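Novice: Chains as they are written, first to last, in this note's numbering: chain A, 25 to 562; chain B, 5 to 494.
Dropping a structure here in structure tokens format, bear with me for questions.
Right, here's the structure in full:
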């Protein structure tokens, strides 16, 4: 037997590419911890950037290997983890998750570069960022519900420290609120999950936590409603859907710039991703019952978020509330549940990650120079910092969905699609577009135009090369995704089509109810025939 | 008539013999050795020898599954807990290093002698197959423990805790003894399996007395485990005792009491009609234990008190699974006990290091003393982070997460959804006070940094506990399989 390190390394990339993507940042974090202590922090930044780029490179490799024609889960990995309980280490990627993975790995090196404002404990800051990346990627790629749950909970730990150690003055309040909200949501999800698993075990005779197995479970309507509610609470808090959004502005305002970028860019999407991967396929009938309410809450979120954003005097809080509004569109598009709106919803998640991430970076740039985020402190900046003003304009326009920017594609698809399902609600939602333009342009007007009224603003310096390097990739993506959306949409769409078909089919199965007198519950035809078949076998 | 016991019986109780011998040796050595000698190391050595003898004679141990004409169980269940008790005793010895003097413990030889004695009692308690032996084990364990609680001679808190524990403990022992006497009256025998078979043919009019007997037994066990409403002693005693003893109480004594309770209660009561009465009572006790434990922990400033309430809450989590013995609840409890032991020992160990750095303060374990620890002593910070997350049941403390997963999984599988929901909500509440320790360590600035060096034994113990708190969660299957096998054997 010959030792072939290169061969076995290549083999890892062939067979375990997704594992490599998930655990590369973890390796980076451990590397940072064993790295000898240096006075100059930039070496840590270099190491973290390197690992961020390695992960990004690996995810690019994943994109190359991804078969865009297929709607199936690809690059599968499968191993048993907790024997006897049917828990697996199972990974896979499809059109729904592939670009979310790309977004995560794309943002991370940018966040590492943007860590210059972090003065203390840079090493732990970067290590926490990389840990967070591992957790997020694991959440996106897990196909086993328990594995998903572990990664889902693992996202808390680094974020808790990122806000708590490097955050603003009210960081302790903000970080505890963030963690407690999330934990309260997710523990009920765990119970609902366990219930689902044991129902599945009763019906099929095999214990399994794999999503692919669990979606074959049949429930009575009451059960589905309760279970869906438990899952929806966990995911709804994370999105956040109105009225569970109150942790978000606190967390955003107190978080350091990098933390805000990751929070807005990726973390919030996990909630909707959970709806897509779990809540809908597992409980399609519960989802059907809840869909109108979710749509209404989404629209309330859109309008309310926009109005509150309008009233803010703090730039960061304004962007945070705009996130509530934008995520409302994503939720609306998904619950409308047709191919166009759902594709638009996934596309909009990516857009929001890029444009809001960039806005938070820009706010960070201002904050680093002036140490205030009050809108009234700024004015007439455009004449002093033209490059900054230009970048700010582009991302503002992307945020309010001007044609040719990425935001337009997403919002258009969402509104066009959801009008077919919820016409009335969508009309209300459109007002959010107008409001969005109002508050973002007002912000731009107040800060960039007019006279320089604060003496301190007279000495502001424009964005430096490093800041430009972090923003240019995002700028490129704004236009690329705005002008050539077809490339990415065509990769997302097949998965969405087959996904919707799968969920609708399960719904169809379940539309014909029969009265099961023995239990007094409405039992599903499918389930009953299955039980009868089993009895006949016995 | 042949002799009362064979030589094989002696091999089966070899660890008990070694520990008892060790306990007396320590006392005698203190009298006869003039110079300075290392008591901790001697006690540790005896514990190790006991562990080796347990392992070495495992062949004889499992043979026949009882010893001394049916007075003791020698089955895998007993073996499992004997091993856990010995490991716990050894970790307690590792925590009882040179800091003991700062904890106020003057008479070290007596301290370690009592510690070994207490472990002997705990092992007898777990192994008992007859009610009198059960009571003997309980009393050997308890009386040694009363003295240990008061072993910090110059601390009024320690004396207070000893007296409080002694008074309440003797009450609860008496109550339990009364329950035993009722059982004897009902069945005419003291051997636990025989009582069970006698009870199954008991006339129906005796049902009332049996219920009283169950209740009285439950009070006795509940007191030692720290179940609500028999928990009032716990915070004061935990806070007043020397910290290694607090950890020992929270882990070893609790594990022994849970083990004995599971066995006795399962053998006696968990069958037939009694099960519904029994499970209702346990349901209620588990629910209030979790809730009161967690809610009381929220407002604590003293970390030891906080951990005391948290250990009450954890007992509640364990009893959630006790309702569902048919669906893997018992093995879940065993798994949880092991992970809980690791993380609780770790948490107390670090609390002790921090508290000893402020010898002049009366509230040395106040949470404000943890301020800034994460940066002044990064390793301690990382370890405490692991323990706190594990206790809260969040990653990266995967052992705690998996432990809770098994517990609540058993309850859900047996269709006790509501208690599982109460359990997880409590677990979410608990995140607040566990994370509060991290808030102090990482998010607040400390005025003085604790500068005490950490000795090798302590560092080793903490490292092992931390590793267990993570890796028992990453690779849980083996331990769970063992636990699942072990509970089928009694």
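The C-beta atom is built at its ideal place from N, Cα and C for all residues, glycine as well.
Values in this document were obtained by computation on a predicted structure and should not be read as measured data.
1) Can you list, in chain order, the residues of its chain with a C-beta nearer than 6 Å to that of residue 304(B)? Leave out the 5 residues immediately preceding and following it.
2) Are residue 328(B) and residue 415(B) close, meaning C-beta to C-beta below 7 Å?
3) How about residue 375(B) and residue 448(B): are their beta carbons less than 7 Å apart?
4) By a C-beta neighbour count over all protein chains shown, 10 Å radius and 16 as the cutoff for buried, is residue 271(A) buried or exposed?
5) Is it right to say residue 84(A) is buried, meaning 16 or more other beta carbons lie within 10 angstroms of its own, or is it exposed?
6) Taking 7 Å as the threshold (beta carbon to beta carbon), is residue 210(B) in contact with chain A?
7) Roughly how many whole angstroms lie between the Cα atoms of residue 156(B) and residue 165(B)?
8) Buried or exposed: which applies to residue 35(B), given that a residue is buried once 16 or more other Cβ atoms fall within 10 Å of its Cβ?
9) Here's a check: name, in chain order, each residue in its chain whose Cβ is nearer than 8 Å to the Cβ of residue 143(B), leaving out the five neighbours to either side.
10) Using a threshold of 7 Å, state whether the C-beta atoms of residue 121(B) and residue 27(B) are closer than that.
11) Roughly how far, in whole angstroms, is the beta-carbon of residue 487(B) from the beta-carbon of residue 372(B), given that I think they are within contact range, below 8 Å?
12) Would residue 253(A) pass as a contact of residue 213(A) if the rule is Cβ separation under 7 Å?
13) If you follow the alpha helix (DSSP H) that residue 91(B) is in, where does it begin and where does it stop?
14) With contact counted as at least three CB pairs below 8 Å, one residue from each stretch, are the segment 389-405 of chain A and the segment 514-528 of chain A in contact?
15) Hey, is the segment 75-94 of chain B in contact with the segment 234-244 of chain B, meaning 3+ C-beta pairs nearer than 8 Å?
16) So, are the CB atoms of residue 372(A) and residue 353(A) less than 7 Å apart?
17) Taking 7 Å as the threshold (C-beta atoms), are residue 158(A) and residue 49(A) in contact?
18) In whole angstroms, what is the alpha-carbon distance linking residue 177(A) and residue 25(B)?
19) Could you give the uninterrupted runs of the alpha helix (DSSP H) lying entirely in the segment 277-331 of chain A, keeping only those of 4 residues or more?
20) For residue 77(B), name the three-state secondary structure that DSSP assigns.
21) Could you tell me the boundaries of the alpha helix (DSSP H) in which residue 282(B) lies?
22) Ordered along the chain, which non-local residues of its own chain (more than five positions away) have a Cβ less than 8 Å from that of residue 418(A)?
23) Please go through the same chain and pick out, in chain order, the residues whose beta-carbon is closer than 7 Å to the beta-carbon of residue 261(B), but skip the five residues on each side of it.
24) Does the beta carbon of residue 428(B) come closer than 7 Å to any beta carbon on chain D?
25) So what's residue 55(A) in DSSP terms, helix, strand or just coil?
26) Would you please verify whether the beta carbon of residue 540(A) is less than 7 Å from any beta carbon of chain B?
27) For the segment 43-65 of chain A, which residues have a beta carbon sitting closer than 7 Å to at least one beta carbon of chain B?
28) Going by Cα to Cα distance, which pick from 279(A), 202(A), 314(A) and 59(A) is closest to residue 248(A)?
29) When burial is assigned at 16 or more other CB atoms within 10 Å of the CB, is residue 35(A) buried or exposed?
30) Mapping the DSSP letters down to three states, classify residue 424(A) as helix, strand or coil.
31) On the CB-based measure, 16 or more other CB atoms within 10 Å of its CB, does residue 344(B) come out buried or exposed?
32) How would you list, in chain order, the residues of chain B whose beta-carbon sits under 8 Å from the beta-carbon of residue 212(A)?
33) Where does the unbroken beta strand (DSSP E) through residue 98(A) begin, and where does it stop?
34) Establish whether the CB of residue 56(B) and some CB of chain A are separated by less than 7 Å.
35) Does residue 538(A) pass the burial test, meaning 16 or more other C-beta atoms within 10 Å, or should it be called exposed?
36) Whole alpha helix (DSSP H) runs in the segment 128-200 of chain B with 4 or more residues, listed along the chain?
Specialist: Taking the structure as given:
1) The residue you call residue 304(B) lines up with position 300 of the second chain. Closer than 6 Å at Cβ, skipping near neighbours: 310.
2) Walking along the second chain from the start, residue 328(B) turns up at place 324. Walking along the second chain from the start, residue 415(B) turns up at place 411. Yes.
3) For the purposes of this step, residue 375(B) is taken as residue 371 along the second chain, with counting starting at 1. For the purposes of this step, residue 448(B) is taken as residue 444 along the second chain, with counting starting at 1. In this structure, residue 448(B) lies closer than 7 Å to residue 375(B) by Cβ.
4) Position 247 of the first chain, counted from the first residue, corresponds to residue 271(A). Residue 271(A) comes out buried.
5) As a working mapping, residue 84(A) is identified with position 60 in the first chain. Residue 84(A) is exposed by the Cβ-count criterion.
6) Reading the second chain from its first residue, position 206 is the one you call residue 210(B). Not closer than 7 Å to any Cβ of chain A, the Cβ of residue 210(B) fails to qualify, so no.
7) As a first step, residue 156(B) is located in the second chain; it is residue number 152 there, counting from the start. As a first step, residue 165(B) is located in the second chain; it is residue number 161 there, counting from the start. For residue 156(B) and residue 165(B), the distance between alpha carbons rounds to 10 Å.
8) For the purposes of this step, residue 35(B) is identified with residue 31 of the second chain, where counting begins at 1. When all chains shown are included, residue 35(B) counts as exposed.
9) For the purposes of this step, residue 143(B) is taken as the residue at position 139 of the second chain. Around residue 143(B): 125 and 177.
10) Walking along the second chain from the start, residue 121(B) turns up at place 117. Walking along the second chain from the start, residue 27(B) turns up at place 23. Yes; because the gap between Cβ atoms is below 7 Å, this pair is in contact.
11) The residue labelled residue 487(B) in the question sits at position 483 within the second chain. The residue labelled residue 372(B) in the question sits at position 368 within the second chain. Residue 487(B) to residue 372(B), Cβ: 39 Å. No contact.
12) The residue labelled residue 253(A) in the question sits at position 229 within the first chain. The residue labelled residue 213(A) in the question sits at position 189 within the first chain. Not closer than 7 Å, so no.
13) As a first step, residue 91(B) is located in the second chain; it is residue number 87 there, counting from the start. Run containing residue 91(B): 80-99, per the alpha helix (DSSP H) assignment.
14) no
15) no
16) To locate residue 372(A), count along the first chain from 1; it is residue 348. To locate residue 353(A), count along the first chain from 1; it is residue 329. A contact, by the Cβ cut-off of 7 Å.
17) As a working note, residue 49(A) is residue 25 in the first chain. As a working note, residue 158(A) is residue 134 in the first chain. Closer than 7 Å, so yes.
18) On the first chain, residue 177(A) is found 153 positions in, with the first residue counted as 1. On the second chain, residue 25(B) is found 21 positions in, with the first residue counted as 1. Approximately 49 Å between the Cα atoms of the pair.
19) 281-286 and 292-298
20) Taking the second chain and counting its residues from 1, one reaches residue 77(B) at position 73. Note: residue 77(B) maps to strand in three-state DSSP.
21) Locating residue 282(B) in the second chain gives position 278, counting from the first residue. Here the alpha helix (DSSP H) through residue 282(B) covers 278-302.
22) As a working mapping, residue 418(A) is identified with position 394 in the first chain. Excluding sequence neighbours, residue 418(A) sits near 429, 499 and 502.
23) The residue you call residue 261(B) lines up with position 257 of the second chain. Answer for residue 261(B): 225, 228 and 229, listed in chain order.
24) No chain D is part of this structure, whose protein chains are labelled A and B.
25) Within the first chain, residue 55(A) is the residue found at index 31, counting from 1. Reduced to three states, the DSSP call for residue 55(A) is helix.
26) One-based indexing of the first chain puts residue 540(A) at position 516. Here the model assigns residue 540(A) a pLDDT of 43, short of 50, so the residue's position is not dependable, and the following value carries that caveat. No, residue 540(A) lies away from the interface with chain B (no Cβ there is under 7 Å from its Cβ).
27) none
28) As a position in the first chain, residue 248(A) is number 224, starting the count at 1. The residue with the shortest Cα to Cα distance from residue 248(A) is 314(A).
29) For the purposes of this step, residue 35(A) is identified with residue 11 of the first chain, where counting begins at 1. That one is exposed.
30) What you label residue 424(A) is simply residue 400 of the first chain in a count that begins at 1. Residue 424(A): coil per DSSP, three-state reduction.
31) As a first step, residue 344(B) is located in the second chain; it is residue number 340 there, counting from the start. So residue 344(B) counts as buried.
32) Mapped onto the first chain, residue 212(A) falls at position 188. Per Cβ cutoff of 8 Å: 425, 428 and 429.
33) Within the first chain, numbered from 1, the residue matching residue 98(A) stands at position 74. Residue 98(A) -> beta strand (DSSP E) spans 98-106.
34) Taking the second chain and counting its residues from 1, one reaches residue 56(B) at position 52. No - not a single Cβ of chain A is within 7 Å of the one on residue 56(B).
35) Within the first chain, residue 538(A) is the residue found at index 514, counting from 1. Low per-residue confidence applies at residue 538(A): pLDDT is 44, beneath 50, and the placement is therefore not dependable, though the value from the model is reported in the following sentence. The residue in question, residue 538(A), is exposed, as its Cβ has fewer than 16 Cβ neighbours within 10 Å.
36) 135-153 and 160-191
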